[in-house]
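Shown next, in structure tokens, is the structure this report addresses.
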Amino acid sequence: MKVSIDMKSGKIAETSTKDSIAGIDLGTTHSLIAYIDNQGQPQTVKTGDGKQSLTPSIIHFDERGQLIVGEVAKQYLISQPERTIFSVKRLMGKSYNDISEFRSSLGYEIIDNDNDSLVKINVDNQFYSPIELSAEILKSLKIDAEKALGTNITKAVITVPAYFNDAQRQATRDAGKLAGLDVLRIVNEPTAASLAYGIGIDRNQSMNIAVYDLGGGTFDISILHIEDGIFEVLSTHGDTFLGGDDFDRAIVQYWTRILNLNDIKLQNDAALGQSLRIAAEQAKKAVCSHNVYEGKVYDYLLKLDESTFNELAFSLVDKTIDSCKKAVQDAKLAITDINKVILVGGSTRIPLVKERLSQFFEQTPDDSMNPDEVVALGAAIQADILAGNRKDILLLDVTPLSLGIETVGGLMDSIITRNAKVPHRAARQYTTSIDGQKNLRISVFQGERDLVAHNRKLGEFTLRNIPPMPAGIPKIEVQFLLDADGILTVKAKELRSGTETSVEIKSAYSISEEEMAKMLLDSIRNAASDVNQRALLEAINEANNLVLSADKFVVQNASILSKEEVESIVSLNGSLKNAIKNQNKNDIESAMQALNVYTTPLAHKALDQNIQHALKSTTIS
Ligand code: ADP
Ligand code: MG
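Just so we're aligned, residue -19 is where the sequence shown starts under this note's numbering, counting upward by one.
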């Protein structure tokens, strides 16, 4: 037994020798951490004055680059918007292109770099990734919990919206690692919420429930089926760009309209924008308790009443009801099959939401638990299950979006379809389209659209060294493995040749252990040169492989090639080696192209000769 001293009371406090496993709700607006108490009940950790369990997911940097997280950081939103980071969850696993629509609504600076690489945030010319920033929020929660509980927190379950894609899940897991946490599981928020409601604990219970989660930045609806203590997510729908922030924005837009504030004024005055945003949130909360709001920002008088708010909110709430419809359809259920509706997220306190939900589901939603806390409490229960303390419960989840690869013509070929249960393994066979093709580029996408251009790219890799064969002959198996956290591993293998060439990728945006360590040191690096550097390194890698295989080709086919052909290959290969030495990406690429163009017909010739040779030997014997 470990003994520690309670610094407040001066008494000796008993703590268990086991490190606690925490449940963490890493939210867009608020984050919180929960644990299982000695009575086996989930509790949230109260911070600061001992009453508040919500930590604003906000980080402030001072002039010396020191950071603070939470309530204190929130106070700088108005006075120092450029050094105060909020809604970082919206940036997790996102590229610059992904966020082009809403980056102007952030008071801080995203590095101006319109491309597919990961977003970074610039504070005083120091560059921070959303993963690092989320890790700071997690660290702060970890420290709060350790103080409150008197134990080390080394393991955690972290929740994510059901609609999070692979890159976002991976980024969340990486943030946990960076905060010094062993992330045992990434769990969908609605699954955690239903656990908190105690659903499924009684093994005889069999029911369908709808979990409606409207938070600050994300919305999702999930239909779960619970039977024999097994949770199955039948379907999920949602929008990672719909939440309480949007209601606040609608109010700000309404005020700017009636006060004749133009966009230019708002754009040039970040503090005014932030003040209006904060007033809008206060106004929203006031009218949601059926009060009329009156406030003042600078000299502007601001007003809001419930019926005006309901008009502003109507189309936003309507969108969520549309998602509910789709989720019920996907679950192949009728409205009357839904036994219970659970409310999650601070924005479900909006009366219009409850009203529309009651109409749609033909029943009053259950709001008996604090909608801010249910997810963290459920995560703590999930942690308890993983710790082996609740062997009677099992969890099944589904993938919210289809996963597939790009095929000829830019078409999406889904390998794992949406709402497939995880863990899930699926494979499909492909072949080459060019004779003697040695390399096959495999691009992995996520989404429901037919053209990959409309879906989201998760990553790509090249299956190399396919032995020369006529087009259509190689059998290339692409295998997708989606683990219980919703994280994807892709492998490709040429089956006919038996060569064990298999390649794995996780996500385009995931980071390896080594990269993780490097990341902290790299945060100052210029993002634009990062991108160019990586492109150059990739070109050099590919070129080095080509140099080797060209050399090999000459040696292996010496008897078939003419003297001129050998000389040409050697000379083209020499140019490529030179280009690699000079480290010029364009030169490397054109030298590779020239070598490929020249050797491809020779590869066919070599293949034909080898086949004829093989045929001859069979007839002779
Ligand atoms: P997240 O999960 O995205 O962190 P939360 O569940 O903490 O979000 O919800 C935060 C949102 O809930 C904010 O937009 C906040 O304005 C809203 N909210 C909190 N309380 C109320 C209330 N009483 N009425 C309306 N909206 C509320
Ligand atoms: Mg939430």
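Heads up, the beta-carbon is just placed ideally off N, CA and C, and yes, glycines get one too.
Determine the contact status of Gly196 and Gly326, defining contact as a CB-CB distance below 8 Å. yes
In the DSSP output, what is His205 paired with across the bridge? Asn188, Glu212
Residues in its own chain within less than 8 Å of Asp285 by CB, not counting five upstream and five downstream? Val267, Val272, Tyr273
Cβ-based neighbour list, Asp228, same chain, cut-off 8 Å, excluding 5 preceding and 5 following: Arg257, Ala260, Glu261, Lys264
Is Lys334 near the ligand ADP, going by C-beta to nearest heavy atom under 7 Å? no
Give me the Cα-Cα distance between Asn525 and Leu222, rounded to the nearest whole angstrom. 46 Å
How many whole angstroms separate the CB atoms of Ala472 and Ile456, which I take to be in contact at a CB cut-off of 8 Å? 6 Å
Cα separation between Ala359 and Leu517? 41 Å
Is it buried or exposed for Ser348, if we count other Cβ within 10 angstroms and need 16 for buried? exposed
Inter-residue Cα distance where the pair is Leu383 and Glu112: 27 Å
Terminal residues of the continuous beta strand (DSSP E) containing Asn102? 101 to 103
Taking only heavy atoms of the ligand ADP into account, decide whether any of them is closer than 7 Å to the Cβ of His270. no
Entirely within the stretch 247 to 300 and at least 3 residues each: give me those beta strand (DSSP E) ranges in chain order. 273 to 277, 280 to 284
Helix, strand or coil for Ile606, going by three-state DSSP, please let me know. Residue 606 is absent from the structure shown; the chain starts at -19 and stops at 601.
Roughly how many angstroms lie between the CA atoms of Arg65 and Val308, to the nearest whole one? Inspection of the sequence shows that residue 65 is occupied by Ile rather than by Arg. Each residue's Cα considered, the two are about 37 Å apart.
Could you tell me the distance, in whole angstroms, from the CA atom of Tyr410 to the CA atom of Ser477? 14 Å
For the alpha helix (DSSP H) that Ile614 lies in, which residues bound it at each end? It is not possible to answer for residue 614, since the shown part of the chain is limited to -19 through 601.
Would you grab the beta carbon distance between Ala363 and Gly3 for me? Rounded to a whole angstrom, and I think it's under 8 Å. 5 Å
Nearest-angstrom Cα distance between Leu556 and Val527? 7 Å
Just verifying my parser: in three-state terms, what is the DSSP assignment at Ala311? coil
Evaluate Phe144 with the Cβ neighbour count: other Cβ atoms within 10 Å of its Cβ, from every protein chain shown; 16 or more gives buried, anything less gives exposed. buried
Say the cut is 7 Å; is the CB of Gly196 nearer than that to a heavy atom of the ligand ADP? yes
Alpha carbon to alpha carbon, how far is Ala530 from Met449? Give it in angstroms, no decimals. 16 Å
When the Cα atoms are used, what is the spatial distance from Val333 to Val297? 6 Å
Between Asp219 and the ligand ADP, is there a pair consisting of the residue's CB and a ligand heavy atom that are separated by less than 7 Å? no
How long is the line joining the alpha carbons of Ile485 and Arg421, rounded to whole angstroms? The predicted position of Ile485 is uncertain, since its pLDDT is 48 and thus under 50; a value taken from the coordinates is nonetheless stated next. Distance between the alpha carbons of Ile485 and Arg421: 13 Å.
Let me check one thing: in DSSP terms, what residues is Glu688 bridge-paired to? The displayed coordinates of the chain run from -19 to 601. Any statement about residue 688 would go beyond what the structure contains.
For a quick check, are the C-beta atoms of Ala176 and Val321 less than 8 Å apart? no
What three-state label does DSSP hand Gln459 in the structure shown? strand
Assigned exposure category for Asn188 - 16 Cβ within 10 Å defines buried: buried
Any contact of the stretch 133 to 147 with the stretch 99 to 110, i.e. 3+ C-beta pairs under 8 Å? no
Among Thr35, Glu62, Asp430, the one whose alpha carbon lies nearest that of Val103: Glu62
Per-residue DSSP class, three states only, for Thr152: helix
State the start and end residues of the unbroken beta strand (DSSP E) segment that holds Thr24. 22 to 24
If contacts are defined as beta-carbon pairs under 8 Å, then Thr152 and Leu366 qualify, I think. What distance do you get, rounded to the angstrom? Between Leu366 and Thr152 the Cβ distance is about 17 Å, and since that is not below 8 Å, they are no contact.
So, Ile315 versus Phe294, is the Cβ gap smaller than 8 Å? no
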